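Student:
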DNA sequence: CCTAATGTACGAACCGGTGAGTTAGTCATA
DNA sequence: TATGACTAACTCACCGGTTCGTACATTAGG
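Residue numbers (this note's numbering), protein chains in the order written: chain A, 12 to 232; chain B, 12 to 232.
1. Please confirm whether residue 83 of chain B and residue 145 of chain B have their CB atoms less than 7 Å apart.
2. Would you check if the segment 176–195 of chain A and the segment 182–192 of chain B touch, i.e. whether three or more CB-CB distances between them fall below 8 Å?
3. Quick check: the Cα distance between residue 85 of chain A and residue 70 of chain B, rounded to an integer number of angstroms?
4. For residue 57 of chain B, which residues in the same chain have their Cβ closer than 7 Å to its Cβ, ignoring the five residues on either side in sequence?
5. Which residues of the segment 179–204 of chain B have a Cβ closer than 9 Å to any Cβ of chain A? Give them in chain order.
6. Give the residues of chain B in contact with residue 220 of chain A, contact being defined as C-beta atoms less than 7 Å apart.
7. Please identify, using Cβ separations under 9 Å, the residues of the segment 120–132 of chain A that lie next to chain B, in order along the chain.
8. Who are the neighbours of residue 177 of chain A on chain B, taking C-beta pairs under 7 Å?
9. Give the interface partners of residue 139 of chain B over in chain A, defined as CB-CB distance under 9 Å, in chain order.
10. Out of A:44, A:207, A:176, point me to the one whose CA is closest to residue 121 of chain A's CA.
11. Return the chain-ordered list of same chain residues with a C-beta closer than 6 Å to the C-beta of residue 179 of chain A, the five sequence neighbours on each side being excluded.
12. How many Å lie between residue 162 of chain B and residue 119 of chain B at the Cα?
13. Are residue 47 of chain B and residue 47 of chain A touching if we call contact CB-CB under 7 Å?
14. May I have a chain-ordered list of the alpha helix (DSSP H) segments no shorter than 4 residues that lie completely inside the segment 126–163 of chain A?
15. I need the boundaries of the alpha helix (DSSP H) containing residue 183 of chain B, first residue and last residue.
16. Taking any Cβ of chain A, which residues in the segment 39–59 of chain B have a Cβ under 8 Å from it, in chain order?
17. Report the residues of the segment 61–86 of chain A with a CB closer than 7 Å to any CB of chain B, ordered along the chain.
18. Where does residue 219 of chain A fall in DSSP's three states?
19. Does the CB of residue 135 of chain A have a neighbour CB from chain B at under 7 Å?
20. Show which residues of chain A have a CB atom less than 8 Å away from the CB atom of residue 150 of chain B.
21. What separation, rounded to the nearest whole angstrom, lies between the Cα atoms of residue 207 of chain A and residue 208 of chain B?
22. Please tell me whether residue 208 of chain B has its Cβ less than 7 Å away from any Cβ of chain A.
23. In chain order, what residues of the same chain lie with their CB nearer than 8 Å to the CB of residue 159 of chain A, ignoring the 5 residues before and after it?
24. Using the C-alpha atoms, what's the distance from residue 225 of chain A back to residue 192 of chain A?
25. Rank B:38, B:27, B:128 by C-alpha distance to the C-alpha of residue 197 of chain A and give the top, closest one.
26. Determine the contact status of residue 176 of chain A and residue 200 of chain B, defining contact as a CB-CB distance below 7 Å.
27. Given a limit of 9 Å on CB to CB distance, which residues of the segment 26–37 of chain A reach chain B?
28. Is any beta-carbon of chain A found at less than 7 Å from that of residue 236 of chain B?
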């Protein structure tokens, strides 16, 4: 019979640098998201991988660099997802609503990423600042917003003076808050913002909010 | 000449339990907001007060309870501020806008509080759950919203199906995100959401967003 | 004189990090 | 294809500083 404690080796290799590093990053992502930067334990990350703490230092250098690597990969996933956005065949109103909905979905599907961003903000975004990759990662979603907005403004559908970065902030704020602050909000107001039964309600609310803001005639300034 | 290292004793008392506790809470608020729960150091808090670590344990019991006490006081300040809200003499549209602006101002003026809330969410709001005070603290602002909303809906100014808690979430999301995520947002998009020169712009944006959402005629559902 | 308030000193576990040695995989060469 | 040299990948054992928490002594003040 086959030994029970012999670990599975999916690709047949006992030594596999890429797989070991990926496994460390997976577990580290969970651990940092669970407990925050200082609350996370390097020993705990090591214990939950098939490798040892020594390897974490071998590949990443230290806890700080490991967290940076976790952030880099998490932001990379976001960018890759955003690059597959396909909304520009829609009319501007439908395109913006769809983009908001996809942003909404993405936040809901990646609570660990939201937590990492919260944690990084607690630390003043110092790891992003220290990362070469993250400095020039860009935002495909922002480019999409920029183009839709220009098109909608040109055709007179949208209010003229709305900025793409501001609109992105508005959409992100709603999506982010709903996930990031669900615990305190739930405890204080007795309402779970991530209750599946309320999902469609909040998704529609976001779309309505953005579209009414974009299409309203604003008082002359 | 007077000894330089003799600390000032403003009220003449050397032993003053209330002042000692308040001083511990002040410093602990800064330290927890600076570094997060696990990043905060009890020794550091003690060093920055005129008392010793022993007194922190004497009065609060431990680090966990100290953080809970910090949260309780911070939320208490919010509630007291909200209780002084005076917007209901305005017409519903102006009242909601004014309320949103005051929420905006309050978030901007209390970044430490925002950080504490972020930290508490990282930890699943477990300290709020453990606190008797915080369970029943209520929210005067929410009561105000509820009344203005009802009045505006009755007079047909506001869309009928908007809920007070949802509106409060919408306003808070914008205000919270702007302060809480300013570091990552700034690093990634090169825009400081808390730049004083942009303050009026974002304040107006929030008001416009809320009012256009509330007064739009929504498509029949 | 009694007790709440405070100071001192220290313990014990924890935790990030490392020194030193070992093995698996690869590749050049005969 | 057999072999031996070489390096990346990995294991094991350990260290030293840090950090929460506390036992015990002391003092201010009513």
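Virtual Cβ for every residue (Gly too), placed ideally from N, Cα, C. In this text the structure is predicted, and so the values were computed from the model without any measurement.
Tutor: On the basis of the supplied data:
1. Cβ distance < 7 Å, so residue 83 of chain B and residue 145 of chain B count as in contact.
2. With the cut-off at 8 Å, the segment 182–192 of chain B and the segment 176–195 of chain A touch.
3. Approximately 42 Å, taken between the alpha carbons.
4. Within the same chain, residue 57 of chain B has close Cβ partners 63, 64, 67.
5. From the segment 179–204 of chain B, only 179, 180, 181, 183, 184, 185, 186, 187, 188, 189, 191, 192, 193, 194, 195, 196, 197, 198, 199, 200, 201, 202, 204 have a Cβ closer than 9 Å to chain A.
6. Near residue 220 of chain A (Cβ distances below 7 Å), the residues of chain B are 181, 220, 224.
7. Across the segment 120–132 of chain A, CB contacts with chain B closer than 9 Å involve 126, 128, 129, 130, 131, 132, in sequence order along the chain.
8. Near residue 177 of chain A (Cβ distances below 7 Å), the residues of chain B are 216.
9. Simply 194, 195, 198, 199.
10. Looking at the Cα atoms, A:44 is the closest of the given residues.
11. If we look at residue 179 of chain A and ignore the five residues flanking it on each side, its Cβ neighbours are 153, 156.
12. Cα to Cα, residue 162 of chain B sits roughly 29 Å from residue 119 of chain B.
13. Using a Cβ distance threshold of 7 Å, residue 47 of chain B and residue 47 of chain A count as a contacting pair.
14. Correct list: 137–141, 143–146.
15. Taken as a continuous stretch (DSSP letters only), the alpha helix (DSSP H) holding residue 183 of chain B covers 175–191.
16. Residues 46, 47, 48, 49, 50.
17. Flagged: no residues at all.
18. Shown here, residue 219 of chain A sits in a helix according to DSSP, grouped into three states.
19. Closer than 7 Å to some Cβ of chain B, the Cβ of residue 135 of chain A qualifies, so yes.
20. Near residue 150 of chain B (Cβ distances below 8 Å), the residues of chain A are 199, 200.
21. Cα-Cα distance, rounded: 40 Å.
22. Put simply, the CB of residue 208 of chain B is far from chain A, with every gap to its CB atoms at 7 Å or more.
23. Excluding positions up to five away in sequence, the list reads 98, 99, 103, 106, 107, 110.
24. Answer to the nearest angstrom: the Cα atoms are 26 Å apart.
25. Shortest Cα-Cα distance from residue 197 of chain A to any of B:38, B:27, B:128 involves B:128.
26. Yes.
27. Under the 9 Å Cβ criterion, the segment 26–37 of chain A contributes no residue.
28. The question about residue 236 of chain B has no answer, for chain B in this structure spans 12 to 232.
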